[in-house]
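Student: Here it is, the structure in full.
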Amino acid sequence: MSTLTGIFMIMLTAAVYRLSLYIHRKAESPWTLPILTSTVVIIAFLAFFKIPYDQYMIGGEWINELLGPAVVALAYPLYIHRRILVKLALPLLAGTAAGAFTGVVSGVSMAKWAGFGPEILYAVSAKSVTTPVAIVITESLGGITSLAAVMVMIAGIGGAIIHSYIFRLFGIHSHLGRGMGMGSASHAIGTAELMKDNQIEGSISTVAMVASAVLVSLITPLLVLWLV
Amino acid sequence: MIGVESMLKLLKIIFQIGILYILYWAGEWVAETLNLSLPGSIIGMVLLIFLLFTRTVRLEWIGEGAGFMVKYLPFFFIPSTLGIMQYYEIFAGNGFLLIVIVLVSTMLVMGVSGLIGELYHRRGEGR
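Chains as they are written, first to last, in the numbering used here: chain A, 459 to 686; chain B, 32 to 158.
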């Protein structure tokens with residue numbers, strides 16, 4: 459029974475994702491982003507049939523398991539574009555460091571100003587980096603890890619949706635600027651979106667994402683001492 | 032009907048994803064052994080770059096499988112993004128404010144980091 463449920467959930471996810479790719483092709487807009495429409499449609503489906511998340515995850519776990527090798531696969535475009543990336547190492551590091559600092563300081567100080575307690579501030583602090591890193595950081599500070607995971611999702615999906623507006627607002631048009639902005643702010647979810655359309659931007663974003671994960675895990679414990 | 036050729040290609044992709052999976056595993060092992068706070072998948076990625084640079088792993092051993100995974104990368108995030116559904120209550124009350132804060136902060140990060148890249152790019156063009 460549970461095997462059947464699992465297979466059904468995998469097929470459901472694949473079918474909804476294919477459909478959302480089709481919709482995005484037909485009506486291209488940040489609001490038809492496949493990761494967004496897929497998430498909304500599947501949540502609606504599960505809510506309608508009153509299927510809990512745990513039951514979805516019988517199959518979802520299998521897809522999730524492949525996320526590991528999928529992130530490893532990012533080495534491939536990185537290696538292909540290695541010459542450009544090595545040349546851009548300096549601005550990449552500088553920009554990512556500035557982004558990491560901005561993210562922790564702005565997130566934590568706004569949340570503090572809004573009156574949230576320390577365990578929530580810690581969960582917000584690491585929202586710009588990929589989920590596993592954010593969870594480790596939040597845990598070590600004593601924050602609410604499940605809340606951190608949600609904040610990471612919002613930063614990722616949010617960034618993937620609004621990036622075109624932000625880049626226009628700040629006048630960011632180069633591959634370098636777009637890749638760095640996305641990788642620093644919206645980790646792997648944002649990177650995956652850029653990678654679909656442009657491998658160079660996606661590769662720059664990958665480097666920014668990895669550098670950001672390392673930098674944020676180093677500076678957050680120190681910044682939090684000062685901010686909270 | 033699936034032709035023999037596309038069947039072989041599919042097998043090749045599956046085999047290559049297997050190689051990526053082994054690297055992911057190796058990354059997990061390194062993270063655990065050295066007690067690092069980085070995820071195994073990112074360590075596995077760095078490991079693969081190293082192996083490609085040293086020609087221990089040839090590009091054609093992983094190229095098609097990796098290309099496939101990268102192309103469909105957003106798909107593999109769906110189960111974890113669905114995790115949001117367990118936290119409906121966050122979207123109610125003053126938790127809503129947290130979402131706004133995270134979005135504003137994300138915009139700032141994207142703008143600051145992106146602008147530094149943009150300025151560097153323009154400076155390079157001006158030369």
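All C-beta atoms, glycine included, are put in the ideal place defined by N, C-alpha and C.
Computed from a predicted model, the values in this text were never measured in an experiment.
1. Which class does residue 584 (chain A) belong to by DSSP, given the choice of helix, strand or coil?
2. Which chain A residues sit within Cβ distance under 8 Å of residue 121 (chain B)?
3. Enumerate, from N- to C-terminal direction, the unbroken alpha helix (DSSP H) stretches of 4 or more residues contained entirely within the segment 594-647 of chain A.
4. For a test of the three-state rule: what should DSSP assign to residue 150 (chain B), helix, strand or coil?
5. Who are the Cβ neighbours of residue 652 (chain A) in its own chain at under 6 Å, not counting the five residues just before and after it?
6. Starting from residue 482 (chain A) and walking both ways along the alpha helix (DSSP H), at which residues does that stretch end?
7. Between residue 39 (chain B) and the rest of its own chain, which residues show a CB-CB distance below 7 Å, the 5 nearest in sequence each way excluded?
8. Give me the Cβ distance between residue 467 (chain A) and residue 518 (chain A), rounded to the nearest whole Å; I'm assuming they're in contact under 8 Å.
9. Which of helix, strand or coil does DSSP assign to residue 118 (chain B)?
10. Closer than 8 Å, CB to CB, is residue 585 (chain A) near chain B or not?
11. Any beta carbon of chain B sitting closer than 8 Å to that of residue 501 (chain A)?
12. Does the contact criterion of 3 or more C-beta pairs under 8 Å hold for the segment 565-578 of chain A versus the segment 527-543 of chain A?
13. Less than 7 Å between C-beta atoms, sequence neighbours within five positions excluded: which residues of the same chain meet that for residue 619 (chain A)?
14. Residues of chain B with CB under 7 Å from residue 653 (chain A), in chain order?
15. Three or more beta-carbon pairs under 8 Å between the segment 578-594 of chain A and the segment 84-103 of chain B, yes or no?
16. Using 8 Å as the threshold, is the segment 74-87 of chain B in touch with the segment 521-531 of chain A, meaning 3 or more CB pairs across them?
17. Out of curiosity, what's the CA-to-CA distance linking residue 697 (chain A) and residue 608 (chain A)?
18. Taking residue 565 (chain A) as the reference, give the member of A:644, A:582, A:576 with the closest Cα.
19. Buried or exposed for residue 63 (chain B), please, with buried defined as at least 16 other CB atoms from any protein chain shown within 10 angstroms of its CB.
20. Can you grab the Cα-Cα spacing for the pair residue 585 (chain A) / residue 530 (chain A), in whole Å?
21. How big is the Cα-Cα spacing for residue 642 (chain A) and residue 681 (chain A)?
22. Give the C-beta separation of residue 580 (chain A) and residue 599 (chain A) to the nearest angstrom, bearing in mind that I take them to be a contact with Cβ-Cβ under 8 Å.
23. Within the 8 Å Cβ cut-off, does residue 137 (chain B) reach chain A?
24. Would you please state the rounded distance, in angstroms, between the beta carbons of residue 671 (chain A) and residue 69 (chain B)? I believe it to be under 8 Å.
25. Secondary structure at residue 488 (chain A), three-state DSSP: helix, strand or coil?
26. Please confirm whether residue 424 (chain A) has its beta-carbon closer than 8 Å to some beta-carbon of chain B.
27. Could you say which of B:108, B:101, B:67, B:107 lies nearest to residue 532 (chain A) if we only look at CA atoms?
28. Need the endpoints of the alpha helix (DSSP H) that residue 537 (chain A) sits in, please.
29. In terms of alpha-carbon separation, which member of A:522, A:501, A:502, A:513 lies closest to residue 461 (chain A)?
30. If you draw a straight line from the alpha carbon of residue 537 (chain A) to that of residue 632 (chain A), how long is it in whole angstroms?
Tutor: The structure says:
1. Secondary structure of residue 584 (chain A) (DSSP, three-state): coil.
2. Those within 8 Å of residue 121 (chain B) in chain A are 605, 608.
3. Complete alpha helix (DSSP H) runs here, min 4: 603-628.
4. DSSP, read as helix, strand or coil, puts residue 150 (chain B) in helix.
5. Excluding residues up to 5 positions away in sequence, 640, 659, 660, 663 lie with their Cβ nearer than 6 Å to the Cβ of residue 652 (chain A) in the same chain.
6. Bounds of the alpha helix (DSSP H) holding residue 482 (chain A) are 460-484.
7. Once the five neighbours on either side are set aside, residue 39 (chain B) has no close Cβ partner at all.
8. With 8 Å as the limit, residue 467 (chain A) and residue 518 (chain A) qualify as a contact, their Cβ atoms being about 6 Å apart.
9. Residue state, collapsed to three classes: helix.
10. Closer than 8 Å: yes.
11. Cβ-Cβ to chain B under 8 Å: yes for residue 501 (chain A).
12. With fewer than three CB-CB distances shorter than 8 Å, the segment 565-578 of chain A does not count as touching the segment 527-543 of chain A.
13. Within the same chain, residue 619 (chain A) has close Cβ partners 488, 489, 491, 494.
14. Within 7 Å Cβ-Cβ: 101, 104.
15. No: fewer than three Cβ pairs fall under 8 Å.
16. Touching, per the Cβ criterion.
17. It is not possible to answer for residue 697 (chain A), since the shown part of chain A is limited to 459 through 686.
18. Scanning A:644, A:582, A:576 for the CA closest to the CA of residue 565 (chain A) turns up A:582.
19. Its Cβ having fewer than 16 others within 10 Å, residue 63 (chain B) is exposed.
20. Approximately 21 Å, taken between the alpha carbons.
21. One alpha carbon belongs to residue 642 (chain A), the other to residue 681 (chain A), and they sit about 17 Å apart.
22. That belief holds up - the Cβ atoms of residue 580 (chain A) and residue 599 (chain A) are roughly 4 Å apart, short of 8 Å.
23. Yes, residue 137 (chain B) counts as interfacial toward chain A.
24. Indeed, because the Cβ distance is near 7 Å, the residues count as touching under 8 Å.
25. The three-state secondary structure of residue 488 (chain A), taken from DSSP, is helix.
26. Any question about residue 424 (chain A) goes unanswered here, given that chain A covers just 459 to 686.
27. Here the closest residue by C-alpha is B:101.
28. Note, residue 537 (chain A): alpha helix (DSSP H), 533-538.
29. The alpha carbon of residue 461 (chain A) has as its nearest neighbour, out of A:522, A:501, A:502, A:513, the alpha carbon of A:513.
30. Near 21 Å, if we compare the C-alpha coordinates of residue 632 (chain A) and residue 537 (chain A).
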